Structures are given as C-alpha cells and as structure tokens.
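Following the working numbering, the numbering of the sequence shown begins with 872 at its first residue and continues without gaps.
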Amino acid sequence: NGIEGFWSYAKNWLYMYRGVPRQYFHLYLAEVCYRFNHRHENLQPLLHKLLKQISIQELRPILVRKG
Numbered sequence: 872n873g874i875e876g877f878w879s880y881a882k883n884w885l886y887m888y889r890g891v892p893r894q895y896f897h898l899y900l901a902e903v904c905y906r907f908n909h910r911h912e913n914l915q916p917l918l919h920k921l922l923k924q925i926s927i928q929e930l931r932p933i934l935v936r937k938g
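Encoded structure:
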C-alpha cells in the first residue's frame, strides 16, 4: 500500500489521457497526488477552499515548465 499503490492509482487515472505532454506532466502528477491523498473525501469543498486561498498570479510561474 505504499508507493506501488500510488503508482497503480496514477497509471489508472492517467490512462484516459493516452499520453501527457512532458511540459505539463508535473501538473497532471500533482493532480493525481492530490486526488490520491484525498481519495476518501469529497473533493468539491476541498477544491473550493483551495481556490479561495490562492490567486492565479501565484500559480502562473509554475503552470508551464520550459524544456
């Protein structure tokens, strides 16, 4: 139930995308990580709270990685 459980969850979640662009992989992986860590909770109130706490200007620098 350690790292193997996470990667199994991640592979199943990412399979529907049939490949992820390298420059956005960190974002997809971050979403899977968040969903995995909160998989037994209702995500709607959690995401609403998160979105109220951060502004888009704070997110912009990490949205796209170069190279």
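Glycine is no exception: its CB is placed at the ideal position from the N, C-alpha and C atoms.
Keep in mind it's a predicted model, so treat the numbers as computed, not measured.
Original post:
Going by the CB atoms, is the gap between residue 878 and residue 906 shorter than 8 Å?
Top reply: no
**OP:** Only counting runs of 4 or more residues, tell me where the alpha helix (DSSP H) segments fall wholly within the stretch 877 to 923, in order along the chain.
**Re:** 896 to 908
Original post:
Which value, in whole angstroms, describes the spacing of the CA atoms of residue 882 and residue 894?
Top reply: 18 Å
Subject >> Closest residue to residue 876 among 897, 910 and 887 (Cα-Cα distance) >> reply: 910
**OP:** Reducing DSSP to helix, strand and coil, say where residue 927 ends up.
**Re:** helix
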